[in-house]
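Colleague: Take this structure, written in structure tokens, and hold onto it; I'll ask about it next.
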Amino acid sequence: MLLKLAWLNIWRNKRRTIITATSVFFAVLLAITFKSLTDGVYDNMIHNVVSYSTGYLQIQQTGYWDEQSIDNTFEEDENLYKELLKNPNVENIIPRLQSFALASYTDKTMGVLVLGIDPDKEKAVNNLHEKISEGEFIEDSNENAVVLGEGLASKLKLGVNDTLVLLGQGYHASSAAAKYRVKGLVKLGAIDLNNSVVYIPIRQAQYMYGAEDRLSSVSIMPNKTTDLQGMKRSIQETIDPEKYEVMTWKEMLSELDQFIEADKTGHFIIIAVLYIIISFGLFGTLLMMLFERKHELGILIAIGMKKHLLAIILLLESVMISLIGCFAGIIGGILVVKWFTIYPIRLTGEIEQVYEDYGIESILYFSSEEKIFIVQTLIVLVLSILLAFYPGYKVMRLKPVEAINS
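In UniProt numbering, the protein residues as written are 1 to 406.
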């Protein structure tokens, strides 16, 4: 009966109900949009750096990370691949040979990161070929050609079909030198990587460094990135711990992780302020609803309505209106996030330069993770319910004569 009374009451004054539900709707929509934006920017930043360099997890020879030398590489092992792919959390694996070299063109010379890659795997996993801005991507692992980051090509002042000379130290102190045709330029979201990377077919890299059939790492791309530590433990149980070690991207790229955590602190403050503003907005609509009905409530109490039952009805009304607003907010949030997922916001002008100075891609992506919609909606719903106790408290202290004469 109380539920029925509450439902009928909220539609007796449609204008009041719509105003209150609309305030909840915008509260949910703002919370979802802001959280989706911040998480989307972080996820894109991590993806741009991690997927094109270290991977979310990486298997390497024990001790390699402390001394990243071509001498600390390991022999390619098909049995290792099979064991990794048996893990249900592993979506793909990418073998790589990573080292450093001097890159030269005419009178320009720079230190570069050389990444020996399997072109087919990079296409399938990272869609690296879609990042090509000029020229073409590498076709196979033996092709005598390289792909450069756009920023690096600009610094060396070379273009497609020019010849790049690489000079470095090979396996067991042998000399590593070769020249390659620049087949394409790639534009990566990670600015630092874009300004320093040279992608080379893995067999060519192994030949140049005198490290045939050797790898510096096997990058692992998981199905989900939410529990990397748990996935790390499960992988460690299936490999030889004396020969191999597993590291997450947070361990390998600690500076990026610390930057994100520090930036998140600022966003937590912003979203806390947002929740305070939301709370005041909701509280204002509840006060309006209470004062508009003060005369009515006084009459109900005067004719014998129990105050605690009236307080429960008001609470139920507030919960129902909040649920209507939250449901509409979720639908609105899904539509907004879906739109900006398909059409991300591209920054231009001075803001674009600021982002690039920090090494961040100047595109604002939105995250469509389900948890964002659930958590933000629940927070606003809980706030609405907590604030709804205030009208009940006022009813318990309401004096019928004063209310009737108000």
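From the three backbone atoms N, C-alpha and C, an ideal C-beta is built for every residue, glycine too.
1) For G266, count neighbouring Cβ atoms within 10 angstroms of its own Cβ and tell me buried if that reaches 16, exposed if not.
2) Terminal residues of the continuous alpha helix (DSSP H) containing M221?
3) At which residues does the beta strand (DSSP E) containing F100 begin and terminate?
4) Thinking V198 and V114 are a contact (beta carbons under 8 angstroms), I'd like their distance in whole angstroms, please.
5) Is I138 helix, strand or coil by DSSP?
6) Is Y171 near the ligand MN, judged by its Cβ being under 8 angstroms from some heavy atom?
7) Thinking C-beta only, is L188 closer than 9 angstroms to E150?
8) Flag this pair as yes or no: are the beta carbons of Q376 and A103 separated by less than 9 angstroms?
9) Are there 16 or more other CB atoms within 10 angstroms of the CB of A173, so buried, or fewer, so exposed?
10) Identify whether K35 lies in helix, strand or coil by the three-state DSSP scheme.
11) Could you round the C-beta distance between K179 and V165 to whole angstroms and report it? I think they count as a contact, below 8 angstroms.
12) Rounding to the nearest angstrom, what Cα-Cα distance links N223 and E317 in this structure?
13) Below 6 angstroms CB to CB, which residues in the same chain sit around G392 once its five sequence neighbours on both sides are set aside?
14) Give the DSSP-derived three-state secondary structure of R214 in the structure shown.
15) Looking only at C-alpha atoms, which of E134, F100 and N127 sits nearest to Q169?
16) Determine whether the Cβ of H47 lies closer than 9 angstroms to any Cβ atom of chain C.
17) Label T348 either buried or exposed according to how many other C-beta atoms from any shown protein chain fall within 10 Å of its C-beta, with 16 as the threshold for buried.
18) Going by the CB atoms, is the gap between R96 and L215 shorter than 9 angstroms?
19) Consult DSSP for V287 and reduce its assignment to one of helix, strand or coil.
20) Are the beta-carbon atoms of G284 and T33 separated by less than 9 angstroms?
21) What does a CB cutoff of less than 6 angstroms around M208 pick up in its chain, not counting 5 residues either side in sequence?
22) What did DSSP end up calling G55 once you bin it into helix, strand or coil?
23) Exposed or buried, Q60, counting other C-beta atoms within 10 Å across all chains shown (16 or more means buried)?
24) Over the uninterrupted beta strand (DSSP E) stretch that includes P201, give me the two end residues.
25) Should Q204 be labelled buried (16 or more other beta-carbon atoms within 10 Å of its own) or exposed?
26) For residue 409, count neighbouring C-beta atoms within 10 Å of its own C-beta (all shown protein chains included) and say buried if the count is 16 or more, exposed if not.
27) Quick one, which of N13, K35, K4 and N48 has its alpha-carbon nearest E369's?
28) If you check the beta carbons only, do M288 and R16 fall under 9 angstroms apart?
29) What distance in whole Å lies between the Cβ atoms of L84 and I93, which are believed to be in contact at a cut-off of 8 angstroms?
30) Taking Y393 as part of the alpha helix (DSSP H), name the residues at either end of that continuous run.
31) Within the same chain, show all residues whose beta-carbon is closer than 7 angstroms to that of S217, passing over the 5 residues directly before and after it, in chain order.
32) Please list, in chain order, all residues of the same chain as T38 whose beta carbon is under 7 angstroms from its beta carbon, the five residues on each side excluded.
Modeller: In brief:
1) Burial call: exposed.
2) No alpha helix (DSSP H) contains M221, which is instead part of the beta strand (DSSP E) from S217 to P222.
3) Judged by DSSP secondary structure, F100 falls within the beta strand (DSSP E) whose first and last residues are V90 to Y105.
4) 5 angstroms
5) Note: I138 maps to coil in three-state DSSP.
6) This structure lacks the ligand MN, and indeed carries no ligand of any kind.
7) yes
8) no
9) exposed
10) helix
11) The Cβ separation is near 5 angstroms, so the contact holds.
12) 43 angstroms
13) A311, L314 and L315
14) It is a strand residue.
15) F100
16) Annotation note: the requested chain C is absent from the structure, which comprises a single protein chain.
17) By the neighbour-count rule (16 or more Cβ atoms within 10 Å), T348 is not buried but exposed.
18) One thing to note: L215 has its Cβ within 9 angstroms of the Cβ of R96.
19) Note that residue 287 is Leu in the sequence shown, not Val. Of the three classes helix, strand and coil, the one that applies to L287 here is helix, per DSSP.
20) no
21) Excluding the 5 residues flanking it on each side, M208 has same chain C-beta neighbours closer than 6 angstroms at A176 and A178, in chain order.
22) In the structure shown, G55 falls within a coil segment according to DSSP collapsed to helix, strand and coil.
23) buried
24) V197 to P201
25) buried
26) Because the chain here runs from 1 to 406, residue 409 falls outside it and cannot be looked at.
27) K35
28) It is a contact, given that the beta carbons lie within the stated cut-off.
29) 5 angstroms
30) E370 to M396 is the extent of the alpha helix (DSSP H) around Y393.
31) Q58, I59, Q60, R96 and Q98
32) H267
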